[in-house]
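Trainee:
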Amino acid sequence: MRFKPIIVLYIVCSIGIWIISQNQNKTNLDVLEPLKMQENQHTMNMYLEQNKHYEANIQKELEENKLDLNWINSASNNYENMFNGIASVTSGVTFKLITPPENSEHKPIIRNIHLYGVDTCAPRQKAKLNNQEWPCGAVTTAWLVTKTLGHNLSCKQTAIEKETLYAQCFVQGIDLAEIGLAEGMLIISKNNKYPIPTTYLSAEQNAYKNKIGLWSSNFIDPIQWQKKYGTYNPFDNHHKFMSETKKNIETSY
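Counting with the numbering used here, you get residues 2 to 254 for the letters of the sequence shown.
In structure tokens form, the structure reads like this:
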């Protein structure tokens with residue numbers, strides 16, 4: 002769908018960003034203005050009415066084909082590269098996967114996860130629809146929250162870069178990256194060094210063709226936006242959990 006009923010959550014996120022920006026004084030977060038909500042609400046409601054059945058159709062299609070989504074067939078196809086836990090979302094494509102310890106005396110293990118093969122608006126980034134700006138970064142972040150909140154995630158590591166695990170992650174058997182592409186909330190990253198599943202390509206092509214989600218608007222490629230405006234992320238509060246040691250990460254790679 003082009004826009005889901007996540008506006009309330011998005012407003013809460015926006016207010017949270019404003020509070021953080023006031024305390025940290027790191028950047029001017031224009032995303033926290035009232036965002037001309039009265040004007041934008043009309044546009045969002047229009048898309049909601051036009052596409053109210055779209056997400057249900059996507060969900061049904063993915064559920065019917067979810068057995069085909071485990072496309073990763075590496076020689077190390079074992080449990081060492083599989084992780085489970087809950088997500089603390091930091092952007093539309095990144096989150097901290099928190100795994101409870103086996104021993105209650107130990108602290109949780111946290112892994113920095115980036116959904117494999119995809120990207121989206123940076124947290125402070127905006128898009129423009131018919132000359133109206135809207136905070137695509139906050140909206141896509143809220144989208145990932147709605148997909149992961151209250152669910153246990155299962156992630157399969159595919160690569161490691163700068164202590165970030167690039168992984169294919171599932172909620173109830175549904176590939177988060179693929180459904181994000183299908184709903185136009187994610188795009189295929191232009192910085193990919195590894196193969197992209199054909200299902201990802203077709204999902205993005207369909208969203209682009211039908212001007213769904215981000216594709217309904219004009220937006221700068223996230224990589225280029227971050228080069229110009231920086232990588233500061235107000236959603237990443239840097240909670241300190243016990244992380245895996247670099248040695249353990251390299252061993253499981």
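From the three backbone atoms N, C-alpha and C, an ideal C-beta is built for every residue, glycine too.
Since the structure is predicted, the reported quantities are computational estimates derived from the model, not experimental observations.
Kindly say whether S105, judged by its beta-carbon, lies nearer than 7 Å to any beta-carbon of chain B.
Mentor: The displayed structure is made up of one protein chain only, and chain B is not part of it.
Trainee: What beta strand (DSSP E) runs, 3 residues minimum, are completely inside the segment 143-182?
Mentor: Counting only runs of 3 or more, we get 154-162, 165-172.
Trainee: Quick check: the Cα distance between G174 and E106, rounded to an integer number of angstroms?
Mentor: Taking the straight line from one Cα to the other gives about 31 Å.
Trainee: From the DSSP secondary-structure annotation, give me the bridge partner or partners of L98.
Mentor: L98 is bridged to A88, R112.
Trainee: On the premise that T121 lies in contact with M186, defined as a C-beta separation below 8 Å, what is that separation, rounded to the nearest angstrom?
Mentor: Confirmed, about 6 Å.
Trainee: Would a C-beta distance cut-off of 7 Å place K197 and G118 closer than the cut-off?
Mentor: Per the sequence shown, the amino acid found at residue 197 is Ile instead of Lys. Closer than 7 Å, so yes.
Trainee: State the DSSP-derived secondary structure class of E134, mapped to helix, strand or coil.
Mentor: Three-state result, E134: strand.
Trainee: Look at the Cβ atom of A204, then the Cβ atom of A183, and state whether they are nearer than 7 Å.
Mentor: Against a cut-off of 7 Å, the Cβ pair of A183 and A204 comes out as a contact.
Trainee: So what does DSSP say about K129, is it helix, strand or coil?
Mentor: Strand at K129.
Trainee: Straight-line CA distance for F96 to D176?
Mentor: Approximately 15 Å between the Cα atoms of the pair.
Trainee: For the segment 122-129 and the segment 216-232, state whether three or more C-beta atom pairs, one from each stretch, are separated by less than 8 Å.
Mentor: Enough Cβ pairs lie closer than 8 Å, so yes.
Trainee: Under three-state DSSP, which class holds N192?
Mentor: Reduced to three states, the DSSP call for N192 is coil.
Trainee: Less than 6 Å between C-beta atoms, sequence neighbours within five positions excluded: which residues of the same chain meet that for Q158?
Mentor: Taken in chain order, the residues that qualify are N82, L166, A168.
Trainee: Exposed or buried, which one is T232 when buried takes at least 16 other CB atoms within 10 Å?
Mentor: Looking at its Cβ environment, which holds fewer than 16 other Cβ atoms inside 10 Å, T232 is exposed.
Trainee: The alpha helix (DSSP H) that contains Y209, what's its start and end?
Mentor: Element bounds for Y209: 199-210.
Trainee: Looking at N234 and A124, is the spacing between their C-beta atoms short of 7 Å?
Mentor: Checking the sequence shown, residue 124 turns out to be Pro, not Ala. Cβ distance < 7 Å, so P124 and N234 count as in contact.
Trainee: Applying the 10 Å Cβ sphere with the 16-neighbour rule, what's the burial state of K194?
Mentor: It is exposed - the Cβ of K194 has fewer than 16 other Cβ atoms within 10 Å.
Trainee: Cβ of T142 within 7 Å of Cβ of F236?
Mentor: Contact: yes.
Trainee: What does the alpha-carbon distance come out to for the pair I180 and Q227?
Mentor: In a straight line, the C-alpha of I180 is about 24 Å away from that of Q227.
Trainee: Could you tell me how far apart the beta carbons of C137 and S155 are, in whole angstroms, since I believe they sit closer than 8 Å?
Mentor: About 28 Å separates the two Cβ atoms, so there is no contact after all.
Trainee: Apply the 10 Å Cβ neighbour rule to L116 and answer buried if 16 or more other Cβ atoms are within range, or exposed otherwise.
Mentor: L116 is buried by the Cβ-count criterion.
Trainee: Restricting to Cα atoms, I'd like to know which of P223, I189, L145, N192 is closest to V172.
Mentor: Per the Cα distances, L145.
Trainee: If we ignore side chains and look at the alpha-carbon of each, how far apart do Q133 and A139 end up?
Mentor: Answer to the nearest angstrom: the Cα atoms are 16 Å apart.
Trainee: Helix, strand or coil for N219? Go by DSSP, reduced to three states.
Mentor: Reduced to three states, the DSSP call for N219 is strand.
Trainee: Can you say whether P223 is buried or exposed, counting buried as having 16 or more other CB atoms within 10 angstroms of its CB?
Mentor: Counting Cβ neighbours within 10 Å, P223 comes out buried, since at least 16 surround it.
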